[in-house]
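A.B. asks: Protein chains in written order, with the numbering used here: chain A, 1 to 229; chain B, 230 to 322.
Every residue, glycine too, gets a C-beta built ideally from N, C-alpha and C.
This is the structure I have questions about; it appears just below.
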């Protein structure tokens, strides 16, 4: 949607995203330096964003949209590092595919790389505390992050294009209808799929997840036990 | 095994949903949701909004666009396959 976010909104979203991306680059560098063993998981999280954000899927509204794939990174590494991973994908799509855009990059990093992942992170941590089943927690975190991303996109557009009759709320409803309904089945699919992927990640790299404080030792043993049974 | 069954069932449901909409709504164009959002902007501003910037480069055809999208997916898929293959292989030896 290159050029579709007018002044001053595109600058505002750039300004809001920039500090998070800078902080994300800083924490990512530190993480990779101090804990080399997390690098493969970082690559995996980035790879899922690459794959999932390239898949334009048909939905109930008769139009297509794509999942974000950012939930996995957010659960493993938190929103700041995920914002950096999303930035890479968004730049690729803006430069080579005319998808997204350079002027809308700030807004897209904010919705896909910061707001969605923040929701995933908070939901996952909340679920983990309340002792909900691990895979159900992943599902909820990833699905809600996916929907949150598109709600924020709707809000970003609504703020820039308030309706003459209904104001920002009226436009938010109009954009939300386009995005959220299309996104809902995709979000469910993404949540289920990433939850399944986590089953395999636990089998091969569970101990790194313990180090990243995603799960504790006890839970890891239990999950591995369940998987092997 | 349960996880795979659930994921398979949800995927099947997703495909069924698509087939249902495709069969009942012949007007469905299956275009991108962001294109529709551009339509909403057009409607909200009575067609007065002109994008103030255009993409620096656009894939010259739908084929080349799908090539670049496939490439994006392929790059990711190679990394994912390498990750699981490498660590599974190492565990089993």
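(1) From 204(A), 99(A), 145(A) and 210(A), pick the residue whose C-alpha is nearest to that of residue 321(B); which is it?
(2) Would you decide whether residue 234(B) is buried or exposed? Buried here means 16 or more other CB atoms lie within 10 Å of its CB.
(3) Between which two residues does the alpha helix (DSSP H) carrying residue 10(A) extend?
(4) Nearest-angstrom Cα distance between residue 214(A) and residue 279(B)?
(5) State yes or no: is the C-beta of residue 176(A) within less than 8 Å of the C-beta of residue 142(A)?
(6) For residue 62(A) and residue 237(B), I'd like the C-alpha separation in whole angstroms.
(7) Could one say the Cβ of residue 220(A) lies closer than 8 Å to chain B's Cβ atoms, at least one of them?
(8) Distance cutoff 8 Å, beta carbons only. Does residue 324(B) sit that close to anything in chain A?
(9) From residue 247(B) to residue 185(A), what does the alpha carbon distance come to, in whole angstroms?
(10) Along the alpha helix (DSSP H) that carries residue 117(A), what are the first and last residues, could you check?
(11) For residue 65(A), write down the residues that DSSP places opposite it in a beta bridge.
(12) Leaving out five residues before and five after residue 121(A) in sequence, what residues of the same chain have Cβ atoms less than 6 Å from its Cβ?
(13) Kindly list the residues whose CB is nearer than 6 Å to the CB of residue 209(A), restricted to its own chain and excluding five residues on each side of it in sequence; keep chain order.
(14) Output yes if chain D places a C-beta closer than 8 Å to the C-beta of residue 11(A); else output no.
(15) With distance defined between alpha-carbon atoms, name the residue in 117(A), 84(A) and 138(A) nearest to residue 105(A).
(16) Verify the CB distance criterion: does residue 251(A) have a CB-CB separation below 8 Å to chain B?
(17) Among 17(A), 31(A) and 146(A), which residue has its Cα nearest to the Cα of residue 179(A)?
(18) Just verifying my parser: in three-state terms, what is the DSSP assignment at residue 261(B)?
(19) With 16 as the cutoff for other CB atoms within 10 Å, does residue 229(A) come out buried or exposed?
(20) Look at the Cβ atom of residue 148(A), then the Cβ atom of residue 188(A), and state whether they are nearer than 8 Å.
(21) Can you tell me the Cα-Cα spacing of residue 58(A) and residue 38(A), whole angstroms?
(22) Residue 282(B): which of 111(A), 102(A), 24(A) and 28(A) sits nearest, CA to CA?
(23) Using a Cβ distance threshold of 8 Å, determine whether the segment 43 to 59 of chain A contacts the segment 300 to 308 of chain B, with at least three qualifying pairs required.
(24) Quick one: measure Cβ to Cβ for residue 273(B) and residue 15(A), integer angstroms, because I've assumed they're closer than 8 Å.
(25) Could you spell out where the alpha helix (DSSP H) holding residue 213(A) opens and where it closes?
(26) Counting C-beta neighbours from all protein chains within 10 Å, is the total for residue 19(A) 16 or more, i.e. buried, or is it exposed?
(27) Which residues in the same chain as residue 23(A) place their Cβ atom closer than 6 Å to its Cβ, once the five residues preceding and following it in sequence are excluded?
C.D. replies: On the basis of the supplied data:
(1) On the second chain, position 92 is the one that residue 321(B) refers to. The shortest C-alpha separation from residue 321(B) is found at 204(A).
(2) Residue 234(B) sits at position 5 when you count from the first residue of the second chain. Burial call: exposed.
(3) Locating residue 10(A) in the first chain gives position 10, where the first residue counts as 1. Residue 10(A) -> alpha helix (DSSP H) spans 9 to 34.
(4) Walking along the first chain from the start, residue 214(A) turns up at place 214. Walking along the second chain from the start, residue 279(B) turns up at place 50. Taking the straight line from one Cα to the other gives about 46 Å.
(5) Here residue 176(A) corresponds to residue number 176 of the first chain, with the count starting at 1. Here residue 142(A) corresponds to residue number 142 of the first chain, with the count starting at 1. Taking 8 Å as the Cβ cut-off, residue 176(A) and residue 142(A) do not qualify as a contacting pair.
(6) Indexing the first chain from 1 puts residue 62(A) at position 62. Indexing the second chain from 1 puts residue 237(B) at position 8. Cα-Cα distance, rounded: 23 Å.
(7) If you number the first chain from 1, residue 220(A) lands on position 220. Not an interface residue.
(8) Lying outside 230 to 322, the shown extent of chain B, residue 324(B) is not represented and no answer is given.
(9) For the purposes of this step, residue 247(B) is identified with residue 18 of the second chain, where counting begins at 1. For the purposes of this step, residue 185(A) is identified with residue 185 of the first chain, where counting begins at 1. Using only the alpha carbons, I get a separation of about 10 Å.
(10) Within the first chain, numbered from 1, the residue matching residue 117(A) stands at position 117. Run containing residue 117(A): 116 to 129, per the alpha helix (DSSP H) assignment.
(11) Looking up residue 65(A) in the first chain gives position 65. According to DSSP, residue 65(A) bridges with 57(A).
(12) Working through the first chain from its first residue, we reach residue 121(A) at position 121. For residue 121(A), where only same-chain residues beyond five positions count, the Cβ hits under 6 Å are 74, 78 and 79.
(13) Here the question's residue 209(A) lines up with position 209 in the first chain. Counting only Cβ-Cβ distances below 6 Å, and skipping sequence neighbours, we find 215.
(14) In the displayed structure, chain D is absent; the protein chains listed are A and B.
(15) Here residue 105(A) is taken as the residue at index 105 of the first chain, counted from 1. Per the Cα distances, 84(A).
(16) The requested residue 251(A) is not part of the displayed model; chain A covers only 1 to 229.
(17) Here the question's residue 179(A) lines up with position 179 in the first chain. Considering only alpha carbons, the answer is 146(A).
(18) As a working mapping, residue 261(B) is identified with position 32 in the second chain. Strand at residue 261(B).
(19) Counting from one through the first chain, the residue named residue 229(A) turns up at place 229. With a pLDDT of 45 at residue 229(A), under the threshold of 50, the modelled position of this residue cannot be trusted, and the question is left open.
(20) Sequence index remark: in the first chain, residue 148(A) carries index 148 (1-based). Sequence index remark: in the first chain, residue 188(A) carries index 188 (1-based). No, the pair does not count as a contact, with Cβ atoms beyond the cut-off.
(21) What you label residue 58(A) is simply residue 58 of the first chain in a count that begins at 1. What you label residue 38(A) is simply residue 38 of the first chain in a count that begins at 1. Distance between the alpha carbons of residue 58(A) and residue 38(A) is about 35 Å.
(22) The residue labelled residue 282(B) in the question sits at position 53 within the second chain. The residue with the shortest Cα to Cα distance from residue 282(B) is 102(A).
(23) yes
(24) If you number the second chain from 1, residue 273(B) lands on position 44. If you number the first chain from 1, residue 15(A) lands on position 15. Contact doesn't hold; Cβ gap of about 25 Å is too wide.
(25) Within the first chain, residue 213(A) is the residue found at index 213, counting from 1. Note, residue 213(A): premise wrong, no alpha helix (DSSP H); not H, not E.
(26) Counting from one through the first chain, the residue named residue 19(A) turns up at place 19. Under this definition residue 19(A) is an exposed residue.
(27) What you label residue 23(A) is simply residue 23 of the first chain in a count that begins at 1. Correct list, in chain order: 80.
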